[in-house]
Amino acid sequence: MPRVIPPENLGCPPIRALTFDSLGLIKVTEARGKERGTPTVVNTWGEMNASRTVLAASIDDRLRNPLLAVARKDGNVEVLNPCNGDLHFSYSVFGDDGCSPEDNEISALHLFRKKIDDQAERSSTLLTCTKKGDVSLRSVKFPDAHGDSTDDASPKTWKACGSGEILVGKVDGSENFSLFGGKRVEANIWDLEQCTKIWSAKSPPKDNLGIFTPTWFTSATFLSNDDHRKFVTGTKSHQVRLYDISTQRRPVLSFDFRETAITAIAEDPDGHTIYVGNASADLASFDIRTGKLLGSFLGKCSGSIRSVVRHPQHQVIASCGLDRYLRVFDVKTRHLISAVFLKQHLTGLVFDSGFSGEETAEANTVVEAATEEKMTIMDQEDDETEEAPVKRKKSKKEKRSREIVFEGEDDEENEDEIEKAPVKTKKSKKEKRSREKVVSEGEEKDELRSKKTREHKKKTKKVKHNQED
Numbered sequence: 001m002p003r004v005i006p007p008e009n010l011g012c013p014p015i016r017a018l019t020f021d022s023l024g025l026i027k028v029t030e031a032r033g034k035e036r037g038t039p040t041v042v043n044t045w046g047e048m049n050a051s052r053t054v055l056a057a058s059i060d061d062r063l064r065n066p067l068l069a070v071a072r073k074d075g076n077v078e079v080l081n082p083c084n085g086d087l088h089f090s091y092s093v094f095g096d097d098g099c100s101p102e103d104n105e106i107s108a109l110h111l112f113r114k115k116i117d118d119q120a121e122r123s124s125t126l127l128t129c130t131k132k133g134d135v136s137l138r139s140v141k142f143p144d145a146h147g148d149s150t151d152d153a154s155p156k157t158w159k160a161c162g163s164g165e166i167l168v169g170k171v172d173g174s175e176n177f178s179l180f181g182g183k184r185v186e187a188n189i190w191d192l193e194q195c196t197k198i199w200s201a202k203s204p205p206k207d208n209l210g211i212f213t214p215t216w217f218t219s220a221t222f223l224s225n226d227d228h229r230k231f232v233t234g235t236k237s238h239q240v241r242l243y244d245i246s247t248q249r250r251p252v253l254s255f256d257f258r259e260t261a262i263t264a265i266a267e268d269p270d271g272h273t274i275y276v277g278n279a280s281a282d283l284a285s286f287d288i289r290t291g292k293l294l295g296s297f298l299g300k301c302s303g304s305i306r307s308v309v310r311h312p313q314h315q316v317i318a319s320c321g322l323d324r325y326l327r328v329f330d331v332k333t334r335h336l337i338s339a340v341f342l343k344q345h346l347t348g349l350v351f352d353s354g355f356s357g358e359e360t361a362e363a364n365t366v367v368e369a370a371t372e373e374k375m376t377i378m379d380q381e382d383d384e385t386e387e388a389p390v391k392r393k394k395s396k397k398e399k400r401s402r403e404i405v406f407e408g409e410d411d412e413e414n415e416d417e418i419e420k421a422p423v424k425t426k427k428s429k430k431e432k433r434s435r436e437k438v439v440s441e442g443e444e445k446d447e448l449r450s451k452k453t454r455e456h457k458k459k460t461k462k463v464k465h466n467q468e469d
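Those letters in the sequence shown? Residues 1 to 469, by the UniProt record's numbering.
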């Protein structure tokens, strides 16, 4: 499977994802721009502390006063502002029970979206469930400024199981029913208004070899926001099961996916497609009506997947896990379109659907325009600095030419002498050579002449002497 993102698939639509890791940090990753951008980490909230690992999270991404709730390993539940990370209030689920967070960690958390009146904007309702099955439903008001939070009324509490461990907890779209399941705990549906159990699953029969598979649910989700009767679960024995509480107590459909435990399941808004991730980093989509594998997502992860989330508006899903990457996939092509390395083991993620990216895109355009103006100014300054020495040279020449023009005749003669001097020196060498030649030739001629005169004199003397004789 390819691990490199093809150029045609690079970039993702404007999204905002909040990831949670094993050291208690909350990291905000944004892909800005109207079309396609590259996700980058823009904020990191919290301090690194292994005792404050984020075990569960839920978001209410309304346009006005959005809220984010996180459950930590030390038993504290915090409600934050997902825009800037400000803490509204926090409380501990371990009040007077005497339980320690080590043996009774929070396994499920839900932040309710529905509000009764306008005054509820400064309040929130939270559902928490621990591994031992202690479910708590409480409403909390928080002040505008930093201050102590107050409970509207005493929280509702009940036991979701008598034995075993609760590992899965989900609330349906209407927020009237909840689903619980886990290790040695069959899936069961509760009415949140009455705090009563309305349905419980029945264990599957033994297989052909007579072997009974113990109950161990690891993930679950409702198929539709409008119908709480159909839900899908994933098990430790790499099975995906479809339940319909209106027909029977046993699974309506069951099929296997690879050979490792199912760790994450997410539903699609169409109501019949699900996305399944497992401990061997396999991610695939199924048609739950028939159990048919629609396809596996390309760009294989290298660690156990811990969370899979479908974006409510854009055609993308995101996954994170122990390989420390936040990966974004295209739903239609099932190709990897972006991956961000986040340094720590990731435990979960949520999408902020209220993020559009337009404001940040406009801000980016303004910043880019300002930077372009600065760059043009810098270029102009560089050009001026480059042209400056050229102008100085020309000014010197002009000064010299002006001095030459306005100087007197003496200066012209001096300049002529100065100009001719190097020419004379050059010609003097040649003349010296020529003169030496001329001198040598003249001397030879003089010698010849002197010889001739001497010979002529001798002849004349001889002639005179002969005449006398």
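For each residue, glycine too, the CB sits at the ideal point set by N, CA and C.
- 7 Å or more divides the Cβ of residue 52 from the Cβ of residue 36.
- Closest by C-alpha distance to residue 262, out of 251, 244 and 305, is 305.
- Residue 68 has 59 and 80 as its beta-bridge partners, per DSSP.
- A distance below 6 Å between beta-carbons, with the five flanking residues on each side excluded, links residue 135 to the following residues of its chain, in chain order: 129, 158 and 160.
- For residue 61 and residue 254, the gap between their C-alpha atoms comes out near 34 Å.
- Annotated three-state conformation of residue 287 is strand, per DSSP.
- DSSP places residue 463 within a helical segment (H, G or I) once states are collapsed to three.
- When the beta-carbon positions are compared, residue 350 and residue 63 stay at least 7 Å from each other.
- Sequence-distant partners of residue 58 (beyond 5 residues in either direction) whose C-beta falls short of 6 Å from its own C-beta, in its chain, are 69, 109, 110 and 111.
- Here residue 347 is buried, its C-beta having at least 16 other C-beta atoms within 10 Å.
- One alpha carbon belongs to residue 41, the other to residue 30, and they sit about 6 Å apart.
- Remark: C-beta atoms of residue 258 and residue 202 do not approach each other more closely than 7 Å.
- Annotation: residue 205 to residue 251 spans about 11 Å, alpha carbon to alpha carbon.
- The segment 317-336 makes contact with the segment 292-302, as at least three CB pairs between them are under 8 Å.
- Within its own chain, the residues whose Cβ lies closer than 6 Å to the Cβ of residue 223, once the five positions on either side in sequence are excluded, are 230, 267 and 271, listed in chain order.
- Between residue 167 and residue 221 a beta carbon distance of about 14 Å is seen, past the 8 Å cut, so the two are scored as non-contacting.
- Counting only the Cα atoms, residue 215 lies some 34 Å from residue 90.
- Under the 10 Å beta carbon count, residue 211 is surrounded by fewer than 16 other beta carbons and is classified as exposed.
- Apart from the 5 residues on each side of it in sequence, residue 43 sits with its Cβ closer than 6 Å to the Cβ of 28 in its chain, given in chain order.
- Following the DSSP letters along the chain, one finds residue 322 in no beta strand (DSSP E), marked with neither H nor E.
- Sequence-distant Cβ neighbours of residue 197 in its own chain, meaning closer than 6 Å and more than five residues away, are 188 and 190.
- Taking each of 132, 228 and 48 in turn and checking the Cα distance to residue 162, the smallest one comes out for 132.
- With a threshold of 16 other beta carbon atoms within 10 Å, residue 13 meets it and is buried.
- If you look at residue 307, you'll find it in the beta strand (DSSP E) that goes 305-310.
- It is roughly 42 Å from the alpha-carbon of residue 24 to the alpha-carbon of residue 207.
- If you check the CB distance, residue 336 and residue 326 do not come in under 7 Å.
- Restricting attention to 209, 282, 289 and 86, the CA atom closest to the CA of residue 241 is found in 289.
- Going by C-alpha positions, residue 194 is about 12 Å away from residue 137.
- Taking all protein chains in view, the Cβ of residue 449 is surrounded by fewer than 16 other Cβ atoms within 10 Å, so the residue is classified as exposed.
- Collapsing the DSSP output to three states places residue 342 in coil.
- Per DSSP, the unbroken beta strand (DSSP E) holding residue 110 starts and ends at 106-111.
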